[in-house]
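Asks:
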Amino acid sequence: MAASPHTLSSRLLTGWGGACIWYLEGRAMRESPRRFLHLLRNVNQQWVTFQHINFLRRMYVTQLNRSLKQQIKPKPEPAESPFLAKTSLDEAKAEICEMRPLVPSSLSLSRKPSEKALIELEPTSVTEGSIALGKETKEEKQWKEMKLRADDLPGILARLSKIKLTALVVSTTSAGFALAPAPFDWSCFLLTFVGTGLASCAANSINQFFEVPFDSNMNRTKNRPLVRGQISPLLAVSFATCCAVPGVALLTWGVNPLTGALGLFNIFLYTCCYTPLKRVSIANTWVGAVVGAIPVMGWTAATGSLDAGACLLGGILYSWQFPHFNALSWGLREDYSRGGYCMMSVTHPALCRRVALRHCLALLAMCAAAPALDVTTWTFPVIALPINLYISYLGFRFYRDADRKSSRKLFFCSLWHLPLLLLLMLTCKRRAGEEGAGAQQS
Amino acid sequence: MAESEELKSLLMKVKEESEKLAENSTFRKVSRFCPPRKSHHDWIGPPDKYSNLRPIHFYIPENESPLEQKLRELRQETQDWNQQFWADQNLAFQKEKEEFVRSRLEAKGLDLRAASGQKATLNAEEMADFYKEFLSKNFQKHVHYNRDWYKRNFAITFFMGKVALERIWNKLRPKQKKTSS
């Protein structure tokens, strides 16, 4: 007698569970082609970002894996800083964890054809559900074995070497190479490309190796591989050495000694000067700007010397760092203060904004000087004027308003400003054999 | 019988949780986590509530050499030292921040809670004074911490290298013995 209400409720549950799954699947199937068309339409209007591709991958995975668990999995960690998390949130999550074991068991039940199996399995699933709260606390589930798996390694190393930043460094170097007044040599270009990439990976890995406890305490950096224990410090240092040695060797002997020296100097400057200096003095920002300017080694790779044009390109890269970094650091003041980082945005806020504006204007001036130094034609400062004026305007707004909104606008502008500026420089490059002033062209 | 076993384990869990709550007052609490027996690796846990650092449960192999033991003890000691520093730091920050907010709100003549019942806060620009003050107050503390952290980090990595070499050497040595005899 006791069995019958159980079987009725279980059948109802499976019915509801089954209907729920069917509805969710149908919705996913119907929505994905619509979203894909939407993406295709937009691809002409805006750049397809990494997020779009990620989104498509996620949709594909949820369709493939038709279990309910995949779709209602709650977020593993709370977004706010842990020591401010409320206990009620944990209780709510414990309730969700309790609910979850019931539904998948009903899923498995719905697939069994015979009723007898339903009756037999039902009591165990109910007891499982009730004890689920007592077993394995949420905290214990989050403990992970520190075992390195071969298929995880590429992803871990990519994050260790800050692959996106490395990509940016390599592209500015390539732009420098292309801008240099020398015939484009593919083999030299590839050697520079690979050498610079390796040097950048090495520098970034050592930086992360030094900063583990500080990275743990900042929201922006708390998911780095060394912080999460996905890789040991020894392996990180070995990886850095395995990148630095071939990278610098490639640059020195494959390209030219000047480029090799610049690469080595940059690794030293970033790891041994900038990283420790961040915790001692605000001078770190200027050192960091020099680090950002050294990708001018792309130019030296092509020409073999640091001429006026190289210095101008270096100057542009150097000046760009300030609006970029100062705007970014404006929103991180709390984390910097708590973590003990000496940044202008915390200690000298007025200076921070002044410097950002100053360098936006310097960018304008340097772009105007480009044709005078035979780097580009006179069309370049004219075409670049709108974007330079825009970033200067945002720099001025940041200087005047000094709030989060203006700092974010300036930061996001800087992200597209530099690639676009370099692209414009390339299109307006002074070709070999052309005479100086534009007036001579008919 | 199975049910009584389950009840027993549930009671044990409840007892452990209550003990955990009692210990919660000190922020140097050690997690009750115990890794599965068949695992031969270290285990790393979620970020600590106070220090934001992830605790590591070190695996002790049966045939642990003196060098390995030294490394493990150094890592454990560094972990405890780091935990203490950052827990203190974060709690001090939180406490001083609340005091600052309270004093500023009182100076402005505002209530600690707005009409809607939510906690009143200062905007980022008003907080900037606090951030600057906190940073300069803790500057010397950070200088000492940085120096010690770099020393420990290098030492740990150096010993990890030595242990790795020792293991490789031990793996090669039995083979050498076999070939020689």
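Sequence order for the protein chains is A and B.
Using the numbering used here, the first residue of the first sequence is number 8, and each one after it goes up by one.
Using the numbering used here, the first residue of the second sequence is number 8, and each one after it goes up by one.
From the three backbone atoms N, C-alpha and C, an ideal C-beta is built for every residue, glycine too.
Quick one: list the residues of chain A neighbouring T164 (chain B), beta-carbon separation under 7 Å, in chain order.
Replies: The answer, in chain order, is P240, L241 and V244.
Asks: Is the beta carbon of L401 (chain A) closer than 8 Å to that of C374 (chain A)?
Replies: No; because the gap between Cβ atoms is not below 8 Å, this pair is not in contact.
Asks: Secondary structure at E71 (chain B), three-state DSSP: helix, strand or coil?
Replies: E71 (chain B): coil per DSSP, three-state reduction.
Asks: Quick one: Cα of L427 (chain A) to Cα of V177 (chain A), how far?
Replies: Each residue's alpha carbon lies about 15 Å from the other.
Asks: Identify the continuous alpha helix (DSSP H) that holds V177 (chain A) and give its terminal residues.
Replies: That run of the alpha helix (DSSP H) goes I170 to L186.
Asks: Could you spell out where the alpha helix (DSSP H) holding L3 (chain B) opens and where it closes?
Replies: Because chain B here runs from 8 to 188, residue 3 (chain B) falls outside it and cannot be looked at.
Asks: For L48 (chain B), which three-state DSSP category applies?
Replies: Looking at the sequence shown, residue 48 (chain B) is not Leu but His. H48 (chain B) falls in the coil class under three-state DSSP.
Asks: So with CB distances below 8 Å, who are the chain B contacts of R235 (chain A)?
Replies: Per Cβ cutoff of 8 Å: I51 and R61.
Asks: Nearest-angstrom Cα distance between F161 (chain B) and A185 (chain A)?
Replies: Rounded to whole angstroms, F161 (chain B) to A185 (chain A) spans 41 Å at the Cα level.
Asks: Taking 8 Å as the limit between beta carbons, can you name the residues of its chain near D89 (chain B), skipping five residues before and five after?
Replies: The amino acid occupying residue 89 (chain B) in the given sequence is Asn; Asp does not appear at that position. Once the five neighbours on either side are set aside, the close Cβ partners of N89 (chain B) are S58, L60 and W156.
Asks: Residues of chain A with CB under 7 Å from F100 (chain B), in chain order?
Replies: Chain A residues near F100 (chain B): R345.
Asks: Thinking just about the alpha-carbon of each residue, which of B:K158, B:F141 and B:S16 is nearest to the one in T354 (chain A)?
Replies: Looking at the Cα atoms, B:F141 is the closest of the given residues.
Asks: Hey, does W293 (chain A) have any beta-carbon neighbour from chain B nearer than 8 Å?
Replies: Not closer than 8 Å to any Cβ of chain B, the Cβ of W293 (chain A) fails to qualify, so no.
Asks: Does the beta carbon of H151 (chain B) come closer than 8 Å to any beta carbon on chain A?
Replies: No, because no Cβ of chain A sits closer than 8 Å to the Cβ of H151 (chain B).
Asks: Alpha carbon to alpha carbon, how far is A165 (chain A) from R109 (chain B)?
Replies: Near 45 Å, if we compare the C-alpha coordinates of R109 (chain B) and A165 (chain A).
Asks: Throw me the rounded Cβ distance for the P436 (chain A) and T386 (chain A) pair, which I believe falls under 8 Å.
Replies: First, the residue type needs correcting, since residue 436 (chain A) is Lys and not Pro in the sequence shown. At roughly 11 Å, the Cβ-Cβ gap does not stay under 8 Å, so K436 (chain A) and T386 (chain A) are not in contact.
Asks: Check whether the stretch 316 to 325 of chain A and the stretch 356 to 364 of chain A are in contact - that is, three or more C-beta pairs closer than 8 Å.
Replies: Judged by Cβ distances under 8 Å, the stretch 316 to 325 of chain A makes no contact with the stretch 356 to 364 of chain A, as fewer than three pairs qualify.
Asks: Please return the same chain residues whose Cβ sits closer than 7 Å to the Cβ of H366 (chain A), not counting the five positions on each side in sequence.
Replies: For H366 (chain A), where only same-chain residues beyond five positions count, the Cβ hits under 7 Å are S326, F329 and P330.
Asks: Run through chain A and tell me which residues come within less than 7 Å of W93 (chain B), C-beta to C-beta.
Replies: What W93 (chain B) touches in chain A: P220 and N224.
Asks: Taking buried to mean at least 16 other C-beta atoms within 10 Å of its own C-beta, is R154 (chain B) buried or exposed?
Replies: Its Cβ having fewer than 16 others within 10 Å, R154 (chain B) is exposed.
Asks: Can the beta-carbon of L500 (chain A) be found less than 8 Å from the beta-carbon of A290 (chain A)?
Replies: Residue 500 (chain A) falls outside the range modelled here, since chain A spans only 8 to 449, and no answer is possible.
Asks: When you compare only the Cα positions, how much space is there between F196 (chain A) and Y277 (chain A)?
Replies: Spanning the two alpha carbons is a distance of roughly 24 Å.
Asks: Distance cutoff 8 Å, beta carbons only. Does R411 (chain A) sit that close to anything in chain B?
Replies: Yes, R411 (chain A) counts as interfacial toward chain B.
Asks: Residues of chain B with CB closer than 8 Å to the CB of V353 (chain A), please, in chain order.
Replies: Within chain B, the residues near V353 (chain A) are A135, Y138, K139 and L142.
Asks: Ignore the nearest five residues each way along the sequence and tell me which others in T228 (chain A)'s own chain have a CB closer than 6 Å to its CB.
Replies: Cβ neighbours of T228 (chain A) beyond the five flanking positions: D222.
Asks: Using 8 Å as the threshold, is the C-beta distance between G202 (chain A) and L155 (chain A) below it?
Replies: No, the Cβ-Cβ distance between G202 (chain A) and L155 (chain A) is not below 8 Å.
Asks: Measuring straight from C-alpha to C-alpha, what distance separates S352 (chain A) and D192 (chain A)?
Replies: Near 43 Å, if we compare the C-alpha coordinates of D192 (chain A) and S352 (chain A).
Asks: Mapping the DSSP letters down to three states, classify I63 (chain B) as helix, strand or coil.
Replies: Here I63 (chain B) sits in strand by DSSP.
Asks: Is there a Cβ from chain B that is less than 8 Å from the Cβ of E341 (chain A)?
Replies: Chain B contact via Cβ: present.
Asks: Between the Cα of Y138 (chain B) and the Cα atoms of A:G338, A:R438, A:C249 and A:F403, which residue gives the shortest distance?
Replies: Nearest C-alpha to Y138 (chain B): A:G338.
Asks: Less than 8 Å between the beta carbons of S399 (chain A) and L371 (chain A), yes or no?
Replies: Yes, they are a contact pair.
Asks: Does the beta-carbon distance from P393 (chain A) to A377 (chain A) come in below 8 Å?
Replies: Taking 8 Å as the Cβ cut-off, P393 (chain A) and A377 (chain A) do not qualify as a contacting pair.
Asks: Applying the criterion that 16 or more other CB atoms from any shown protein chain within 10 Å of the CB defines a buried residue, is K82 (chain A) buried or exposed?
Replies: Confidence at K82 (chain A) is low in this model, with a pLDDT of 47, below 50, so its placement is unreliable and the value that follows should be read with caution. K82 (chain A) is exposed by the Cβ-count criterion.
Asks: Less than 8 Å between the CB atoms is what I'm expecting for T164 (chain B) and L241 (chain A), so what's the real figure, rounded?
Replies: With 8 Å as the limit, T164 (chain B) and L241 (chain A) qualify as a contact, their Cβ atoms being about 6 Å apart.
Asks: Residue range of the alpha helix (DSSP H) that H355 (chain A) falls in?
Replies: Element bounds for H355 (chain A): n/a, residue is neither H nor E.
Asks: Residues of chain A with CB closer than 9 Å to the CB of G168 (chain B), please, in chain order.
Replies: L241, V244 and S245, listed in chain order.
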